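Note sheet for the following structure.
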Amino acid sequence: MIKKYKIRAYIFLAIFLILVIGFGIYNVMATSKNNDKNKLSEKTENEIKYLDENLIKIFNQMNNIKYESYKISVNTANPSNMEEGTNQSNQKGSGSSGNTSESGTSSGKSDESTKSSESNNSGGKSGSNKGESSKNQSSNETSGSDSSSSETGQKKYELQEEGILTQSLDIDWQTVKNDVEKMYLSIPTITLDLYQTTINDKNILNFNTEFDNLTKIVQEENKVETLRQLCKIYEIYVKFLEENNSSEQEKVVAKTKLDIFKAYSSLDDNNWEEISNYMKSASEEFSKLMTSLDMKEQKQYSINKSYIMINELYKATNIKDPKIFLIKYKNTLEELKNI
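Counting from 1, position 121 in the sequence shown corresponds to residue 121 in the working numbering; the numbering is continuous, with no gaps.
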């Protein structure tokens with residue numbers, strides 16, 4: 001009987017240990033999966049933000065808009081001007097030395113006794129001539145180094161303040177093309193990661209297709225079509241946020257920016273009625289955050305300020321001045337980054 005109890009005890013103990021070990025393994029695997037999901041979720045969030053930042057950058061490049069208020073300018077001194085000044089001073093010096101030699105020759109002809117005294121002192125002069133020749137050699141070396149430095153020129157760096165009213169109207173298409181091409185390095189990785197989320201596969205493929213279309217248009221350097229294509233791509237970006245279970249705040253801000261971009265893209269058409277309609281839609285969309293109870297207190301200030309700036313941008317459509325609209329557009333986008 002005792003042996004039977006012992007056997008049963010061992011069996012129960014073995015079963016208990018198996019259950020404990022199995023539960024532990026399951027727990028570890030579940031934790032590992034959760035960690036992997038969290039890492040993937042965090043990674044895709046950063047990748048989606050990357051798309052947002054770079055698309056906005058290209059939007060802004062269409063009107064040379066930068067958040068920095070200063071640019072570095074480089075001025076190079078003209079070496080030819082420096083050489084002209086040096087040549088003029090050398091010509092003046094050679095002219096005066098020529099006059100002196102002529103007067104010395106005439107005096108030598110009139111006084112023969114001076115010749116004899118010169119011959120007596122020829123030994124002393126030859127020594128002095130050697131010293132002079134060595135001095136001339138060193139001076140030639142110095143002048144050679146001076147001329148090489150003058151050819152190089154001097155660079156002067158300055159900080160110049162630049163804004164919407166003072167910036168160049170010419171689009172830097174070379175920079176735009178380079179920025180578009182750089183995004184191709186990240187898109188394959190982003191695509192692969194997005195396939196592992198809840199985002200619709202069709203929207204991911206559409207994004208890649210529309211980005212290829214953007215590249216074609218950028219090569220043609222067509223500003224109006226580039227802006228329209230950017231709006232198409234940003235619409236797909238908004239769908240990414242909706243399908244990726246992003247926060248309500250992120251969705252509202254993205255939809256608001258989309259309406260602002262559509263208004264911004266219509267500036268060259270001078271269709272102020274259409275611009276006004278887009279800005280009205282942006283104001284109504286963003287007002288959803290004003291009544292939300294989920295907003296953190298520290299962000300409430302930025303939300304209130306952004307709402308005022310969006311409405312100011314909306315009012316700018318009544319003035320119908322593109323420069324004023326661009327100034328307020330730039331400031332509004334910069335403030336929306338704080339939310």
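Heads up, the beta-carbon is just placed ideally off N, CA and C, and yes, glycines get one too.
A quick note: this is a predicted structure, and the numbers were derived from the prediction, not measured.
Proximity of residue i and residue j at Cβ, strictly below 8 Å
i    : j    : result
Q167 : N331 : no
I199 : N244 : yes
K232 : E248 : no
T197 : T44  : yes
I58  : D179 : yes
I339 : S306 : yes
Y50  : E334 : no
F261 : Y301 : no
A282 : I310 : yes
V218 : T226 : yes
K223 : M62  : yes
Assigned secondary structure, residue i (DSSP; H/G/I helix, E/B strand, else coil)
i    : result
S89  : Residue placement at S89 is flagged as unreliable, the pLDDT there being 47, under the threshold of 50; the coordinate-derived value follows with that caveat. In this structure, S89 counts as helix in the three-state DSSP scheme.
L336 : helix
L192 : helix
N208 : helix
K57  : helix
K115 : At K115, the pLDDT of 41 sits below 50, so the modelled position is not reliable and the matter cannot be decided from this model.
Q167 : coil
N46  : helix
S107 : With a pLDDT of 41 at S107, under the threshold of 50, the modelled position of that residue is not reliable, and no figure is offered here.
M62  : coil
N38  : helix
G123 : Residue placement at G123 is flagged as unreliable, the pLDDT there being 43, under the threshold of 50; a coordinate-derived value is accordingly withheld.
D52  : helix
N213 : helix
I25  : helix
D343 : With the chain running from 1 to 339 in the structure shown, residue 343 is simply not present.
Limits of the alpha helix (DSSP H) - the one that residue i falls within
i    : result
D179 : 173-183
T226 : 223-243
N277 : 272-290
S186 : Taken as a continuous stretch (DSSP letters only), S186 belongs to no alpha helix (DSSP H), as it is neither H nor E.
D259 : 248-265
Whole-number beta carbon distance between residue j and residue i, since they are thought to touch under 8 Å
i    : j    : result
E274 : S266 : 5 Å
Y314 : M279 : 4 Å
F207 : I236 : 5 Å
T215 : S276 : Actually they are not in contact, since the Cβ atoms of T215 and S276 sit about 32 Å apart, beyond 8 Å.
Residue i: CB within 7 Å of a non-hydrogen atom of the ligand GTP
i    : result
R228 : Annotation note on the ligand GTP: not contained in the displayed structure, which lists no ligands.
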